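In UniProt numbering, the protein residues as written are 1 to 394.
The beta carbon of each residue, even a glycine, is placed where N, CA and C say it ideally should be.
Fair warning: this is a prediction, and the values are worked out from it, not measured in the lab.
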Ligand SMILES: Cc1cc2nc3c(=O)[nH]c(=O)nc-3n(C[C@H](O)[C@H](O)[C@H](O)COP(=O)(O)OP(=O)(O)OC[C@H]3O[C@@H](n4cnc5c(N)ncnc54)[C@H](O)[C@@H]3O)c2cc1C
Ligand code: SF4
Ligand code: SF4
């Protein structure tokens with residue numbers, strides 16, 4: 001069999017799945033892209049531009065570009081609102097699919113905790129502009145969004161991404177009760193939908209904002225020991241773009257360590273330190289003041305018993321990257337094991353895209369925290385390995 005006629009299923013249509021599909025098509029494969037939500041782009045299609053008077057290289061706009069590539073590529077068939085229910089490996093892979101119920105669980109809200117309809121509408125609004133997938137009434141076009149209940153493919157790429165940490169788990173931050181305590185994901189969605197950051201309680205721009213880093217990551221008590229790698233970059237870039245729009249805005253970053261944000265990190269970090277207050281301590285709790293602000297308490301210094309109180313208009317919890325809630329079931333379906341943290345395990349130390357199942361590869365954050373840029377690179381490597389495997393299997 002020639003490589004031209006090889007078929008690959010990519011599961012997950014975030015930036016990693018889109019990139020893997022696009023690269024595979026470019027290398028001559030026929031691709032079925034299976035996405036459980038009713039739009040493509042995953043988490044990152046919801047993110048806001050973080051430019052000041054120059055691009056801050058957050059990567060968010062790369063997602064729309066890749067989405068357009070995929071939509072216009074005839075070798076990629078897109079199956080939206082579709083889930084894989086079974087895979088039978090006998091030489092190649094016989095896959096069963098089912099159309100999912102997307103009435104409530106779109107990827108925009110798939111993290112479960114976030115109830116920001118503005119964000120969801122913005123994402124669907126973007127997707128609805130894509131006439132290929134949607135009919136005039138906004139419903140999915142069955143002709144272009146897949147109606148197969150079975151596929152036969154030669155290889156599989158798992159690109160099912162992550163779940164953002166659910167901030168309700170850190171109950172002392174009272175995310176559920178206090179309108180003006182929001183997550184980093186809420187911030188991204190709101191900024192994308194409105195163009196600016198506003199307080200949920202009154203729709204007013206905040207004058208004093210706190211970012212709390214490492215929410216859900218590097219947390220021994222939760223058993224989440226990894227650094228999510230993306231929350232320092234997204235928080236600092238967003239904070240800088242907010243400060244650029246409103247130079248009077250006061251921003252405090254509560255942190256344990258600051259993760260390198262890329263090539264220009266020393267210069268960028270110094271700019272942030274000049275423009276914002278950095279406190280190397282994490283607040284312990286939040287209260288609402290009589291004038292609808294948030295009072296936080298934190299220790300004056302590491303090991304100190306002296307508590308300091310400070311009041312903010314808005315508190316942003318910089319939530320990190322957790323394994324997708326689907327991973328355990330999907331690992332069983334595709335026959336590829338997870339690592340101790342719950343992400344898809346890489347079979348070889350020097351090859352980060354092969355899994356424990358021959359013919360099944362992984363791309364993006366399904367195998368652990370990555371930025372958008374890193375997910376793109378990883379997905380490209382995954383596509384390359386798939387083609388090598390298909391060449392060997394010919
Ligand atoms: C709050 C926040 C802000 C961030 N900001 C930035 C930033 O500014 N810059 C940056 O570089 N990175 C940022 N990141 C990281 C960025 O989100 C990831 O790098 C990127 O989304 C990873 O893409 P992915 O395709 O691996 O996963 P995802 O974006 O999670 O996409 C996975 C896709 O798979 C689908 N899926 C899941 N399970 C299934 C299944 N069983 N069947 C079919 N489909 C399935 C999902 O619906 C989704 O569409 C941020 C992360 C967070 C939490
Ligand atoms: S979305 Fe990010 S990468 Fe794109 S222009 Fe804005 S700052 Fe630059
Ligand atoms: S990237 Fe920053 S905020 Fe996120 S877990 Fe790592 S150190 Fe903490």
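In terms of CA proximity to residue 259, 232 leads the group 42, 237, 232. Following the DSSP letters along the chain, one finds residue 30 inside the beta strand (DSSP E) bounded by residues 30-34. Classified as buried, residue 286 has 16 or more neighbouring CB atoms from the shown chains inside 10 Å of its CB. The DSSP-derived three-state label of residue 285 is strand. Closer than 6 Å to some heavy atom of ligand 1: that does not describe the Cβ of residue 353. Per DSSP, the continuous alpha helix (DSSP H) segment holding residue 236 begins and ends at 231-245.
Under the 10 Å beta carbon count, residue 55 is surrounded by fewer than 16 other beta carbons and is classified as exposed.
By the C-beta criterion, the segment 67-81 is judged not to be in contact with the segment 381-392, since fewer than 3 inter-stretch pairs fall below 8 Å. One thing to note: residue 314 has its Cβ no nearer than 7 Å to the Cβ of residue 196. Taken atom to atom, the span from the alpha-carbon of residue 336 to that of residue 8 is near 16 Å. As computed with DSSP, residue 86 is found in a beta bridge with 96. When only Cα atoms are considered, residue 26 and residue 77 end up about 14 Å apart.
A Cβ-Cβ contact shorter than 7 Å links residue 362 with residue 355. DSSP, reduced to helix, strand and coil, places residue 18 within a helical segment of the structure shown. DSSP places residue 277 in the strand class (E or B) of the three-state scheme. In the DSSP assignment, residue 213 falls within the beta strand (DSSP E) that extends over 208-215. Here residue 197 carries a coil assignment [DSSP, helix/strand/coil]. In terms of side-chain proximity, the C-beta atom of residue 264 is found no nearer than 6 Å to any non-hydrogen atom of ligand 1. In this structure, the CA atom of residue 166 is about 38 Å from the CA atom of residue 29.
The Cβ-Cβ distance between residue 11 and residue 63 does not fall below 7 Å.
Distances between the C-beta of residue 32 and the heavy atoms of ligand 2 are all 6 Å or more. Excluding its 5 nearest sequence neighbours in each direction, residue 338 has C-beta neighbours in its own chain below 8 Å: 323, 327, 328, 331, 344, 345, listed in chain order.
Pairing residue 40 with residue 13 gives a Cβ-Cβ distance under 7 Å. Residue 69 sits in a helix when the DSSP states are folded into three classes. With a threshold of 16 other beta carbon atoms within 10 Å, residue 131 falls short and is exposed.
By the Cβ criterion, the segment 301-314 is not in contact with the segment 153-169, since fewer than three pairs of Cβ atoms, one from each stretch, lie closer than 8 Å.
Counting only the Cα atoms, residue 239 lies some 21 Å from residue 178.
Per DSSP, reduced to three states, the secondary structure at residue 134 is strand. Pairing residue 141 with residue 149, the inter-Cα distance amounts to about 16 Å. In this structure, residue 38 has its beta carbon at no less than 6 Å from each heavy atom of ligand 1. Taking a contact as a CB-CB distance under 8 Å, the pair residue 155 and residue 359 counts as one, their CB atoms being some 5 Å apart.
Taking a contact to require three or more Cβ pairs closer than 8 Å, the segment 169-184 and the segment 249-269 do not qualify as touching.
In the structure shown, the three-state DSSP call for residue 204 is coil.
By the CB criterion at 7 Å, residue 225 and residue 272 fall outside the cutoff.
Between residue 292 and residue 180, the alpha-carbon positions lie close to 8 Å from each other.
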